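Residue numbers for the sequence shown follow the numbering used here, beginning at 7 and rising by one.
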Amino acid sequence: MRRVFASFAVLTGLLAGCDAVEANRKAIEESCLANGDSAEVCSCLATETAERVDPAVLDLIVMGAKGEPREASERIKALEPPLRSQFAVEVPAIMAECGMEH
């Protein structure tokens, strides 16, 4: 019985994590579409970002996508150097790979 409960708890945690990733992906995609980019570009951008960046970086990207760019910008400055580097390098790379023009 303990194993069943433990397995259920792990599965529930994984599903909750998936829901959070999906919500973040959707927020990025919706913001991208609202800015006039194509559905193909926005889907790529949202999916690649959600899969490739650290959760702390992803949270800040979503914050900006939800209309809080100043707060996100301030929090980016407080990130550890490796995460700031990831934001500075990985995000533009994803944008380029997905065909985002701006």
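Glycine included, C-beta positions come from ideal geometry on N, C-alpha and C.
Computed from a prediction, not measured in an experiment: that's the story for all the values here.
Contact fails between the segment 72 to 92 and the segment 44 to 57, because fewer than three Cβ pairs, one in each stretch, are under 8 Å apart.
Judged by DSSP secondary structure, SER49 falls within the alpha helix (DSSP H) whose first and last residues are 45 to 58. When only Cα atoms are considered, ASP60 and GLY70 end up about 16 Å apart. The alpha-carbon of ALA102 is positioned some 12 Å away from that of THR55. For MET101, the enclosing alpha helix (DSSP H) begins and ends at 87 to 103.
Look at ALA62 here: in three-state DSSP terms it is helix.
DSSP, read as helix, strand or coil, puts LYS72 in coil.
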